[in-house]
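K.L.:
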Amino acid sequence: MYVSDLGASAILLALLFAIYTPVAAVAGALRQSETLVASARRATLAVAAFLLLASGALVASFLLHDFGVSYVAQHSSLSMPWYYVTAAFYGGQEGSLLYWALTLALFSALFVLTSRHAPAALVPYVLATLMAIETFFLVVLATVSSPFVRLAHPPADGVGLNPLLMDPGMLLHPPLLLMGYMSFSLPFAFAVAAMMTGRLDSEWLRALRRWMLAAWTIQSAGLLMGAWWAYHVLGWGGYWGWDPVENAALLPWLTATAFLHSTMVQERRGMLKVWNLALVIASFALSIFGTFEVRSGIISSVHSFAYSTIGSYFLAFLALVIVFSLGLFLFRLPRLRAEQEFDSVVSREGIFLVNNLLLVGIAFATLWGTLFPLISAAVRHEEMSVGAPFYNQVTGPLFLLLLLAMGIGPLLAWRRTSFQALRRNLGLPALLAALCAAILPLLGVPSLWANVAFAVCSFTGCAILYELWRGVRVRHRHGEPYLRALLMLFARYRRRYGGYLVHLGLLIVAVGVIGSHFFQQQSDATLKPGQQVSIAGYQLVYLGNIENFYPEKDVVVAQFQIWQHGQLLRYIYPGRQIYHNFSDQPASMISITTYGLTDLYVFLEDWQGAAQATVHIYVNPLTVLVWLGGLILILGGVVCWWPEPPTRLRSGRLARPLTLSEGATSPDRSLIQASKAPTGSAAEGTDDQDQERAVAVSAQGAERAATARTPGSPDLKSAKPEEEVSQ
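Residue numbers (this note's numbering): 1422 to 2148.
1) So, helix, strand or coil for residue 1657, using DSSP?
2) Using the Cβ count rule (16 or more neighbours within 10 Å means buried), how would you classify residue 1827?
3) Please return the same chain residues whose Cβ sits closer than 7 Å to the Cβ of residue 1769, not counting the five positions on each side in sequence.
4) Taking contact to mean 3 or more Cβ pairs, one atom from each stretch, closer than 8 Å, check whether the segment 1795 to 1802 and the segment 1855 to 1867 are in contact.
5) What residues in its chain sit with their C-beta under 6 Å from that of residue 1704, if we drop five residues either side in the sequence?
6) Could you pull out every unbroken beta strand (DSSP E) segment of at least 3 residues lying fully inside the segment 2004 to 2030, listed in chain order?
7) Taking only three categories from DSSP, how would you classify residue 1776?
8) Check the DSSP bridge columns for residue 2036 and list the partner residues they point to.
9) Per the DSSP calculation, residue 1984 is bridged to which residue(s)?
10) Do residue 1807 and residue 1782 come within 7 Å of each other at the CB atom, strictly closer than that value?
11) The beta strand (DSSP E) with residue 2000 in it runs from where to where?
12) In the DSSP output, which residue or residues are listed as bridge partners for residue 1968?
13) Taking 8 Å as the cut-off, does the segment 1560 to 1570 touch the segment 1479 to 1494 (at least 3 CB pairs, one atom from each stretch)?
14) May I have the straight-line CA-CA distance separating residue 1601 from residue 1757, to the nearest angstrom?
15) Thinking C-alpha only, which one of 1920, 1948, 1663 is nearest residue 1814?
16) Taking a contact to mean a Cβ-Cβ separation below 7 Å, would you say residue 1621 touches residue 1615 in this structure?
17) Nearest CA to the CA of residue 1562: which residue from 1701, 2052, 1436, 1699?
18) What separation, rounded to the nearest whole angstrom, lies between the Cα atoms of residue 1464 and residue 1473?
19) In terms of residues, what are the limits of the alpha helix (DSSP H) holding residue 1443?
20) In chain order, what residues of the same chain lie with their CB nearer than 6 Å to the CB of residue 1876, ignoring the 5 residues before and after it?
21) Considering only their Cβ atoms, is the gap separating residue 2002 from residue 1581 smaller than 7 Å?
22) The alpha helix (DSSP H) with residue 1459 in it runs from where to where?
23) Would the beta-carbon of residue 1948 fall within 7 Å of that of residue 1871?
24) Return helix, strand or coil for residue 1954, following the three-state DSSP convention.
25) Count Cβ pairs between the segment 1968 to 1980 and the segment 1990 to 2001 that sit closer than 8 Å; are there 3 or more?
26) Assuming residue 2197 contacts residue 1511 under a Cβ cut-off of 8 Å, what Cβ separation, rounded to an integer in Å, is found between them?
27) One question on the structure: do residue 1697 and residue 1712 come within less than 7 Å of each other, judged by their Cβ atoms?
28) To which residues does DSSP link residue 1377 through a beta bridge?
29) Check for me: the alpha helix (DSSP H) holding residue 1503 runs from which residue to which?
30) For residue 1490, write down the residues that DSSP places opposite it in a beta bridge.
31) To the nearest angstrom, report how far apart residue 1640 and residue 1882 are at their CA atoms.
32) Taking DSSP as the reference, what is the three-state secondary structure of residue 1739?
33) Note down, one range per segment and in chain order, each alpha helix (DSSP H) of at least 4 residues found wholly within the segment 1850 to 1913.
34) State the Cα-Cα distance for the pair residue 1611 and residue 1669, rounded to the nearest angstrom.
35) On the CB-based measure, 16 or more other CB atoms within 10 Å of its CB, does residue 2088 come out buried or exposed?
36) Tell me which same chain residues have a C-beta within less than 6 Å of the C-beta of residue 1658, skipping the five on either side of it?
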C-alpha cells in the first residue's frame, strides 16, 4: 500500500461526510433537533480531518519522491529544493483543487468552533451551504481530477516544476490567492442562511462581517503578492498587466470592498439591504468564476492551466450557484425594503452609495473586458483582444473618483451635512489639493491627468490625516501623550481607525501607480563589452556575459556597472536560467535596484556567447510606494478584523458601561449624554463633535481609572463609549 492510496481513501471518506452534513444540518433545523445539528457539526470536523490526512499524504508523496504518482512526477524532480517540492503541492491543477478543498474544510471547522457567536438559527444552514460547496470540490477530486492517480511504469525522475514557479513568490502568492477565493464561501453561506430562514435584519451582517473582512484581507495579500511576483519575474517592467486571470482575482475584491462600506449603511440606517445581499452573492460567484477561468483554459493567460474538461464542471457549478442564489434572492426580495430613505445626497450614506456605484462600475468594466474576446468569438466568429489601454481609459477615471469619494466620506455626517460644516471640513483638504495642482506644473509635471490625480491624492491624504489628528488631539487634551493617544485610538476604535489605515494604504498605492504609469522611462539596447547605454541620468556599462552549466539547468548572466554623475554605484547581474526539462521556457533573473523611490529595472532579453547582450531597461518612479501602501492596507485590514479585547474586571466579571448613577461628575454627565445623542442633525450637519465627545469620554474614563481606582472598582479604562459615531 502506498501513501497515495491513503490520500485517495481520505478524499472518499471526506466526500461521504460532506454529503451527510447538509442533510443532517437542514433536517436538524427543520425538526429543531439539536442532536442532528450537533451531528452535522461533528461531520464538518471529520471532513477537515480527512482532508488534512489527504493533503499530508500528497505532501509526503512529494517529499518521498514517489514518482509513481502521476501528479508528483509531473510537478517535481530530484534536483528541486525541498521547499519547492513542498510548494508543488498546489503547483498544478489537481493539487490546487485539493488545497481549495482543504482550506474550505479548515475554515468550516473554525466556524464550527466559533459558532456560539453566530445566530443559532443560521448555523445549520451555514454548515449545509459550506459542505454543499465542499461536496462539489470533493466530487471533482474523487472522479476527474485526482492528485493520487498512479502510473503503471514510474519514471526514475520527475519533470519538475515550471521554471516560472521556481521563485520565492511561489511560496506565498498561490496559497494566499486560492485561500482568498475560498474564503468568500463563508459570507456566501451566511447570506444563503439568512435568505433560507428569512432572518434578513442586521444580525446576519454582524455575524459575517469579520468573515468578509478576513476574506478581503487575504485576497488583498494575494493580489499584492501576485503583483510583486509579476514585477520581478516576467520582465516587462510592470506589476499589473490587466491579464484575464489578474482581472478575475480583482473582481471579488472590488465587490467585497463595496459590501464592507454599504454594510455600515444598513447597520446604521437600515438601508441598502438589496445591495448588501447582492454583493455577498456576487463576491462568491466571481470567486468561482476566477477558479473556472484558470482551470478551463478558454481565455489565454500566462496564469492559466492548459485546456481541460474540468472547466465544464466549474461552469455548471457556477450556473447552479447563480440560479440558486438568484431564486432565493427574488423570493426574499419583498422583505428587503429599506427602513429609511435618503435624507440628502450630501451625507455619509450618500457618499457610500456613490462609492458602491463606482466599485461596481469598475467591476463591470473589468468583467466586460475579460469576457469580450469570448463574446466577439461567439458573435462575430473572430477573437478580438482587449488590452491595457482599454482598462486604463475606462477604469482610470473611475478609480480617481473613488479616491475622491474616499476623502470626502469621513468628513460628512450621517443623514445630512450643513453647508457650514461642509465648508469647515473640506476647506483644508481642498486648499492643499489646489496648491498641489498649481505647484506640480511649475515643478515640471506636464501631464494633465497626472496633475489631477496627484491633486486628488493630496485632498484625500489631507482628509485622512486630519481625521486622525482630530482624534489624537482630543485624547491629548485629556492627558495622554500624542503617541499613546494615537495607539489608543486604534486599540479602542479598531473598525473606524483600521478603516482609515486601509484608506491611507490604498492612497499610497495610488500614488505609486500614478508615478510608475505616467513617468516610467524605458530603453532597449544591444551592447558589446565596453559599450554603454544612458537613461534618466544613469549610465549602464556592459562588461560581458558569464555562462555556468549545472546538471539540471544552464545559467547566463550579463555583467553591468551602474554609474551616475561620474560615480560608480554598483555592479548588477541580470540573467536567464534554462532548465533542461523546460528548454523553451527560460526563467528570468531580473536586476531591480532601488535608489530612493525609483527602481532601475534591467531585463536580459537575449545574448550571443560571452560578448553580446540585448537588454530592456526601465526606470520606474514611485513603484516602491505600491509595496509600502499594500502592506499598510493589509495591516489596516488586520486591525479592522482583530477581535475587540474582552471588557473585564480584574476579578474576571464583565465590566458594565459607565452610567450616570455610578458617580459620574457633572462634566462627565454632559459628555456621556452628548455621546449618546443622535448624530448628524441638520443644525450641526456633522458628527465630528460626536466623535470628539466619545473620545473624550474614553480619555476621561482612562484618566480617572489611572488616578482613582480602588480595589474591586470597575476598570474604566476598558469601558467603551456606547456609540462609535462613524461605524
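Every residue gets a Cβ at the ideal spot worked out from N, C-alpha and C, and that includes glycine.
Since we're looking at a predicted model, the values are computed, not measured.
P.N.:
Reading off the structure:
1) Position 236 of the sequence shown, counted from the first residue, corresponds to residue 1657. In this structure, residue 1657 counts as coil in the three-state DSSP scheme.
2) Indexing the sequence shown from 1 puts residue 1827 at position 406. Classification for residue 1827: buried.
3) The count along the sequence shown starts at 1 and reaches residue 1769 at position 348. Cβ within range, chain order: 1830, 1833, 1834, 1835.
4) No, the segment 1795 to 1802 does not touch the segment 1855 to 1867.
5) As a position in the sequence shown, residue 1704 is number 283, starting the count at 1. For residue 1704, where only same-chain residues beyond five positions count, the Cβ hits under 6 Å are 1605, 1673, 1676, 1677.
6) Scanning the segment 2004 to 2030 from its first residue to its last, the whole beta strand (DSSP E) runs of 3-plus residues come out as 2008 to 2010, 2012 to 2016, 2019 to 2028.
7) The count along the sequence shown starts at 1 and reaches residue 1776 at position 355. It is helical.
8) Stepping through the sequence shown from its first residue, residue 2036 is reached at position 615. In the DSSP output, where bridge partners are listed per residue, residue 2036 has 1946, 2025.
9) The residue given as residue 1984 occupies position 563 in the sequence shown. Residue pairing from DSSP places residue 1984 in a beta bridge opposite 1960, 1989.
10) One-based indexing of the sequence shown puts residue 1782 at position 361. One-based indexing of the sequence shown puts residue 1807 at position 386. No, these two residues do not count as a Cβ contact at 7 Å.
11) As a working note, residue 2000 is residue 579 in the sequence shown. Segment 1996 to 2000, the beta strand (DSSP E) holding residue 2000.
12) As a working mapping, residue 1968 is identified with position 547 in the sequence shown. Residue pairing from DSSP places residue 1968 in a beta bridge opposite 1977.
13) Verdict: yes, contact present.
14) Position 180 of the sequence shown, counted from the first residue, corresponds to residue 1601. Position 336 of the sequence shown, counted from the first residue, corresponds to residue 1757. Residue 1601 and residue 1757: Cα-Cα distance of roughly 28 Å.
15) If you number the sequence shown from 1, residue 1814 lands on position 393. Looking at 1920, 1948, 1663, the one whose alpha-carbon comes closest to that of residue 1814 is 1663.
16) Numbered from 1 along the sequence shown, position 200 holds the residue referred to as residue 1621. Numbered from 1 along the sequence shown, position 194 holds the residue referred to as residue 1615. Between residue 1621 and residue 1615, the C-beta gap is smaller than 7 Å, which places the two residues in contact.
17) In the sequence shown, residue 1562 corresponds to position 141, counting from 1. Selection 1701, 2052, 1436, 1699 evaluated against residue 1562 yields 1436 as nearest (Cα-Cα).
18) The residue you call residue 1464 lines up with position 43 of the sequence shown. The residue you call residue 1473 lines up with position 52 of the sequence shown. Roughly 14 Å separates the two Cα atoms.
19) Taking the sequence shown and counting its residues from 1, the one referred to as residue 1443 is at position 22. That run of the alpha helix (DSSP H) goes 1424 to 1452.
20) If you number the sequence shown from 1, residue 1876 lands on position 455. Result list for residue 1876: 1854, 1857, 1858, in chain order.
21) Sequence index remark: in the sequence shown, residue 1581 carries index 160 (1-based). Sequence index remark: in the sequence shown, residue 2002 carries index 581 (1-based). Yes, the Cβ-Cβ distance between residue 1581 and residue 2002 is below 7 Å.
22) In the sequence shown, counting from the first residue as 1, residue 1459 sits at position 38. Residues 1455 to 1484.
23) Here residue 1948 corresponds to residue number 527 of the sequence shown, with the count starting at 1. Here residue 1871 corresponds to residue number 450 of the sequence shown, with the count starting at 1. No. Outside cutoff.
24) For the purposes of this step, residue 1954 is taken as the residue at position 533 of the sequence shown. Strand, per DSSP.
25) Here the segment 1968 to 1980 lies against the segment 1990 to 2001, with 3 or more beta-carbon pairs under 8 Å apart.
26) Missing from the structure shown is residue 2197; the chain here goes from 1422 to 2148 and no further.
27) Your numbering for residue 1697 matches position 276 in the sequence shown. Your numbering for residue 1712 matches position 291 in the sequence shown. No, the pair does not count as a contact, with Cβ atoms beyond the cut-off.
28) Residue 1377 falls outside the range modelled here, since the chain spans only 1422 to 2148, and no answer is possible.
29) Looking up residue 1503 in the sequence shown gives position 82. From DSSP, the alpha helix (DSSP H) with residue 1503 extends over 1503 to 1508.
30) Taking the first residue of the sequence shown as position 1, residue 1490 is located at position 69. Residue pairing by DSSP places residue 1490 opposite 1571 in a beta bridge.
31) On the sequence shown, position 219 is the one that residue 1640 refers to. On the sequence shown, position 461 is the one that residue 1882 refers to. When rounded, the distance between both Cα atoms is 24 Å.
32) Taking the sequence shown and counting its residues from 1, the one referred to as residue 1739 is at position 318. Here residue 1739 sits in helix by DSSP.
33) With a minimum length of 4 residues, the continuous alpha helix (DSSP H) runs that stay inside the segment 1850 to 1913 are 1869 to 1898, 1903 to 1913.
34) Stepping through the sequence shown from its first residue, residue 1611 is reached at position 190. Stepping through the sequence shown from its first residue, residue 1669 is reached at position 248. Whole-angstrom Cα-Cα distance: 23 Å.
35) Locating residue 2088 in the sequence shown gives position 667, where the first residue counts as 1. Residue placement at residue 2088 is poorly supported in this model, since its pLDDT is 40, which falls under 50; the coordinates still yield a value, given next. Exposed, since its Cβ has fewer than 16 Cβ neighbours within 10 Å.
36) Counted from its first residue, the sequence shown places residue 1658 at position 237. Taken in chain order, the residues that qualify are 2022, 2039.
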